[in-house]
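Structure first, then comments.
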Amino acid sequence: METQAYVPVPPGVGIEENFLSLDDILLSQENLPCRTESSFPRLGFLEKSSEAPDIPEGTKMEMPLWLAKGLYERKRRVLSVELPKVYREGWRTVFGADPNVVDLHKMGPYYYGLGSQLLHFDSPENMEIAQAVLNTFIGRFRRTMDSSQNAFNEDTSGLVERLDCLEKALKNFNRNENYLSRVQ
Amino acid sequence: MPRNCCLHSENEAKSEGRSELIPSIKFRHCCLLRNQRCVTAYLYDRLLRIRALRWEYGSVLPAAIRFHMCAEELEWFNQYKKSLATYMRSLGGEEGLDITQDRKPPKSLYIEVRCLKDHGEFEIDDGTIILLKKNSQHFLPRWKCEQLIRQGVLEHVIS
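Structure below.
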């Protein structure tokens, strides 16, 4: 495998996204359950369920992360963002008990990325969310790195399908590094 | 799309007494910024790939690839080639150093290669002309073959 001449823009680390990173653009496309705290005149066409010309105050809708981030203001006049299930109390306990059991790909393939971005929305549970995401990563780290010790042509789909995107990227990076260090 | 475009619309809305439109103005502005971000990231990623082409294919791009590039990208590639060439000339004393060759430490000076497709005549440093016909095998200097190997014309035969 040749040393890569094409190096795409990596995703941001922690709370800031990289503007030009394709991974972060995909991440920010994830939907979040939200509630409008003010009305949005003339945008009723976005709400397919009602025929109203405006989006009234108090509507519950799903918005992509980029829109929620753009509209959110600390003074809360415009939007309030609810936590998706995976980051709530119930699931946080499950992750705390045994992080290796969970299929992170199914729980939204961007568990770590979205978890970091959620901290923008000043939820009272921010500390707990941050802790849970961090501890899950620590708990699963060893398995992720072990799974990268396989040869290139082996079918690792059983191990890989339960990983979130960050873990998959780590695994591939590690696998390439191992290969290169052995081949030289 | 600078921030002041949105603020300008908001100020207009406020001065005309229609400040209830402001959330919708913000909404629309977010969508415009999103489109701008996607387009910019796409074009930037293309440039990163085009830059990599110089290292994979050498300084002359195959016509099939040039076909997919716009005029500005071709111009950018030319400028990048020039910058790289200037830099390489400044290394290694009088003649410069071609760093696009031998990207991994070579194990031998001459290598055995097999031709995968007809490539016509090929001249090596001492003036000899080799005919690269499909399936022919040759013992050639490594540095001459590297690019052709990367392009898929030759294949390194490891015995």
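Listed in order, the protein sequences are those of chains A and B. Going by the UniProt record's numbering, the first residue of the first sequence is number 1, and it counts up by one from there. Going by the UniProt record's numbering, the first residue of the second sequence is number 1, and it counts up by one from there. A virtual CB, placed ideally from N, CA and C, is assigned to each residue, including glycine.
Whole-number beta carbon distance between residue j and residue i, since they are thought to touch under 8 Å
i, j, result
"residue 55 (chain A)", "residue 44 (chain A)", "6 Å"
"residue 108 (chain B)", "residue 54 (chain B)", "In fact, because the Cβ distance is near 26 Å, the residues do not count as touching under 8 Å."
"residue 24 (chain A)", "residue 12 (chain A)", "6 Å"
"residue 189 (chain A)", "residue 34 (chain A)", "Given a span of 1 to 184 for chain A in the structure shown, any question on residue 189 (chain A) remains unanswerable."
"residue 70 (chain B)", "residue 67 (chain A)", "Rounded, the Cβ-Cβ distance is 30 Å, inconsistent with contact."
"residue 63 (chain A)", "residue 47 (chain A)", "Incorrect: roughly 12 Å between the Cβ atoms, too far for contact."
"residue 118 (chain A)", "residue 129 (chain A)", "6 Å"
"residue 32 (chain A)", "residue 102 (chain A)", "Not confirmed; about 20 Å, so no contact."
"residue 131 (chain A)", "residue 178 (chain A)", "With a Cβ gap of about 31 Å, residue 131 (chain A) and residue 178 (chain A) do not count as contacting."
"residue 5 (chain A)", "residue 52 (chain B)", "4 Å"
Partners in chain B for residue i, counting only beta-carbon separations shorter than 7 Å
i, result
"residue 173 (chain A)", "Residues of chain B passing the Cβ test: none, with the nearest at roughly 17 Å."
"residue 104 (chain A)", "Here the premise fails: no neighbours, minimum Cβ distance about 25 Å."
Residues that residue i contacts on chain A, provided the C-beta gap is smaller than 7 Å
i, result
"residue 73 (chain B)", "Simply none; closest approach about 15 Å."
"residue 45 (chain B)", "8, 22"
"residue 24 (chain B)", "40, 41, 42, 43"
Any C-beta of chain A under 8 Å from that of residue i
i, result
"residue 41 (chain B)", "yes"
"residue 143 (chain B)", "no"
"residue 132 (chain B)", "no"
"residue 21 (chain B)", "yes"
"residue 27 (chain B)", "yes"
"residue 56 (chain B)", "yes"
"residue 30 (chain B)", "yes"
"residue 66 (chain B)", "no"
Cβ-Cβ distance between residue i and residue j below 8 Å
i, j, result
"residue 140 (chain B)", "residue 115 (chain B)", "no"
"residue 155 (chain B)", "residue 113 (chain B)", "yes"
"residue 22 (chain A)", "residue 45 (chain B)", "yes"
"residue 87 (chain A)", "residue 120 (chain A)", "no"
"residue 108 (chain A)", "residue 30 (chain A)", "yes"
"residue 28 (chain A)", "residue 83 (chain A)", "no"
"residue 170 (chain A)", "residue 136 (chain A)", "no"
"residue 129 (chain B)", "residue 121 (chain B)", "yes"
"residue 118 (chain B)", "residue 134 (chain B)", "yes"
"residue 26 (chain B)", "residue 5 (chain B)", "no"
"residue 133 (chain A)", "residue 116 (chain A)", "yes"
"residue 40 (chain A)", "residue 24 (chain B)", "yes"
"residue 78 (chain A)", "residue 50 (chain A)", "no"
"residue 48 (chain B)", "residue 8 (chain A)", "yes"
"residue 139 (chain A)", "residue 100 (chain A)", "yes"
"residue 122 (chain A)", "residue 92 (chain A)", "no"
"residue 50 (chain B)", "residue 73 (chain B)", "yes"
"residue 58 (chain B)", "residue 147 (chain B)", "yes"
Residue-chain proximity (residue i, chain B), Cβ-Cβ < 8 Å
i, result
"residue 25 (chain A)", "yes"
"residue 1 (chain A)", "For residue 1 (chain A), the pLDDT reaches just 34, beneath the cut-off of 50, and the residue's location in the model is therefore unreliable, although a value from the coordinates is still provided. So, not an interface residue."
Amino acids of chain A, ordered along the chain, whose beta-carbon sits closer than 8 Å to that of residue i
i, result
"residue 61 (chain B)", "Under the 8 Å cutoff, chain A gives no residues; its nearest Cβ is about 14 Å from residue 61 (chain B)."
"residue 48 (chain B)", "6, 7, 8, 9"
Proximal chain A residues relative to residue i, where beta-carbon distance stays under 9 Å
i, result
"residue 52 (chain B)", "4, 5, 6, 7"
"residue 33 (chain B)", "66, 70"
Neighbouring residues, chain B, relative to residue i (Cβ below 9 Å)
i, result
"residue 19 (chain A)", "37, 40, 41"
CB contact check: residue i to chain E, cutoff 8 Å
i, result
"residue 86 (chain B)", "No chain E appears in the structure shown, which is made up of the protein chains A and B."
Worksheet item: When you check each C-beta in the region 63-84 of chain A against every C-beta of chain B, which residues fall closer than 8 Å?
Response: 66, 67, 70, 71, 78
Worksheet item: Listed in chain order, which residues of the region 80-107 of chain B have Cβ atoms closer than 9 Å to some Cβ of chain A?
Response: 103, 104, 105
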